[in-house]
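Which chain is which? The protein sequence lines are A and B, in order. Quick note on numbering: the first sequence equals residues 56 to 171 in my numbering. Quick note on numbering: the second sequence equals residues 183 to 297 in my numbering. Glycine residues also receive a C-beta, built at the ideal position from the N, C-alpha and C atoms. Here is the structure we will look at, set down as structure tokens.
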Amino acid sequence: AQKITQTQPGMFVQEKEAVTLDCTYDTSDPSYGLFWYKQPSSGEMIFLIYQGSYDQQNATEGRYSLNFQKARKSANLVISASQLGDSAMYFCAMREGAQAGTALIFGKGTTLSVSS
Amino acid sequence: DTGVSQNPRHKITKRGQNVTFRCDPISEHNRLYWYRQTLGQGPEFLTYFQNEAQLEKSRLLSDRFSAERPKGSFSTLEIQRTEQGDSAMYLCASSPSVGFIDTQYFGPGTRLTVL
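Here you go:
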């Protein structure tokens, strides 16, 4: 079974609109972390936002927010006021367990295209 | 604060040749990871170092692959007798030695093409 599922291969949005990228996860470990990364065409993975399994509030970082629904095991990324520079691949990832130094498990990604 | 750097950025080689990639992590980070990313997929974990100790290896890391981090600073990933299936982007990441979140910061990757 997939540990991280991103069901949207591609998403299209116009500048200044908000967009939600979906991510569901599967783990039986009560302690885990969820990450979102952006990968532009240049290839570098850029860290965007983190949500811990015990965090009571949804994480926010500037225009990025994470809609964390623990019971549904979903961690959707919301990008507000989209910009042309947001066009990229977006990956959801999970780290299982409380121990640092654990590998990230990635989904297959969603391609976001922002048009003017 | 410089980020993770990787060299070379691109490598084209013929099947059967050996290749070596280098990763320089963020200077104060003692944890280092290697991942492989094929087209249309998310990165897959290969191996993990804490300082110079290689603490975890994925089943993806066949006998033809070897990674080192001799002084706990830079790391090298060597692939011997390359095969066409080794064509991929090889990503390196590092994370700080303190803190629970353990955010991994990635380098720009080395894109390997095996002809």
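Could you tell me whether any non-hydrogen atom of the ligand NAD is closer than 6 Å to the CB of residue i?
i, result
"residue 284/B", "Looking for the ligand NAD in the displayed structure turns up nothing, as the structure carries no ligands at all."
Do residue j and residue i have their beta-carbon atoms positioned less than 7 Å apart in this structure?
i, j, result
"residue 278/B", "residue 192/B", "no"
"residue 286/B", "residue 275/B", "yes"
"residue 166/A", "residue 65/A", "yes"
"residue 103/A", "residue 80/A", "no"
"residue 144/A", "residue 69/A", "no"
"residue 242/B", "residue 228/B", "yes"
Measuring only the C-alpha atoms, how far is residue i from residue j?
i, j, result
"residue 78/A", "residue 59/A", "7 Å"
"residue 150/A", "residue 92/A", "13 Å"
"residue 224/B", "residue 146/A", "7 Å"
"residue 184/B", "residue 232/B", "20 Å"
"residue 126/A", "residue 209/B", "39 Å"
"residue 107/A", "residue 89/A", "6 Å"
"residue 237/B", "residue 158/A", "11 Å"
"residue 199/B", "residue 264/B", "6 Å"
Which residues of chain B have a Cβ atom closer than 8 Å to the Cβ of residue i, listed in chain order?
i, result
"residue 99/A", "288, 289, 290 and 291"
Buried or exposed: residue i, going by 16 or more other Cβ atoms within 10 Å of its Cβ?
i, result
"residue 194/B", "exposed"
"residue 207/B", "buried"
"residue 259/B", "buried"
"residue 186/B", "buried"
"residue 213/B", "buried"
"residue 121/A", "buried"
"residue 218/B", "buried"
"residue 257/B", "buried"
"residue 268/B", "buried"
"residue 251/B", "buried"
Applying a beta-carbon distance threshold of less than 9 Å, which residues of chain A neighbour residue i?
i, result
"residue 236/B", "In chain order: nothing, as chain A lies at least about 11 Å away."
"residue 329/B", "Missing from the structure shown is residue 329/B; chain B here goes from 183 to 297 and no further."
In the DSSP output, which residue or residues are listed as bridge partners for residue i?
i, result
"residue 286/B", "None, per the DSSP bridge assignment."
"residue 90/A", "105/A and 148/A"
"residue 182/B", "Past the boundaries of the shown model lies residue 182/B; chain B is included only from 183 to 297, so the question cannot be answered."
"residue 235/B", "232/B"
I want to verify the contact list: residues of chain A whose CB lies under 8 Å from the CB of residue i, in sequence order.
i, result
"residue 213/B", "155 and 156"
For a contact defined as C-beta to C-beta under 7 Å, what are the partners of residue i on chain A?
i, result
"residue 254/B", "Those do not exist, as residue 254/B stays about 14 Å from chain A at its closest Cβ, beyond 7 Å."
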